[in-house]
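Structure first, then comments.
In this note's numbering, the protein residues as written are 13 to 84.
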């Protein structure tokens, strides 16, 4: 119970950058928008896949996260 919210929280933290609280908030908003907008064109059971695709895409472009500092 509660695996999906915990998994979404971890993905949001990695999207924003480890150790960046504003980054985690931005990552959470980005993840929520991506999952819900993806739900408009894809079936609902693809939400987990959409989350990992967004995570993969962000980590390929910015491995430290969206709002992580340059020194990391």
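Ideal placement from N, C-alpha and C gives every residue a C-beta, glycine not left out.
Ordered list of alpha helix (DSSP H) runs contained in the region 31–81, each at least 4 residues: The qualifying runs are 33–53 and 59–73.
Taking just the CA atoms, how far does residue 20 sit from residue 33? Near 15 angstroms, if we compare the C-alpha coordinates of residue 20 and residue 33.
Mind checking residue 14: buried by the 16 CB within 10 Å criterion, or exposed? By the neighbour-count definition (other C-beta atoms within 10 Å, threshold 16), residue 14 is an exposed residue.
Apart from the five residues just before and just after residue 47, which ones in its own chain have a Cβ nearer than 7 angstroms to its Cβ? Counting only Cβ-Cβ distances below 7 angstroms, and skipping sequence neighbours, we find 59, 62 and 63.
Which residues mark the beginning and the end of the alpha helix (DSSP H) in which residue 28 is found? Annotation for residue 28: the continuous alpha helix (DSSP H) segment containing it runs 15–28.
Length of the line joining the Cα atoms of residue 53 and residue 23: Approximately 22 angstroms, taken between the alpha carbons.
CA-CA distance, residue 39 and residue 72? Each residue's alpha carbon lies about 15 angstroms from the other.
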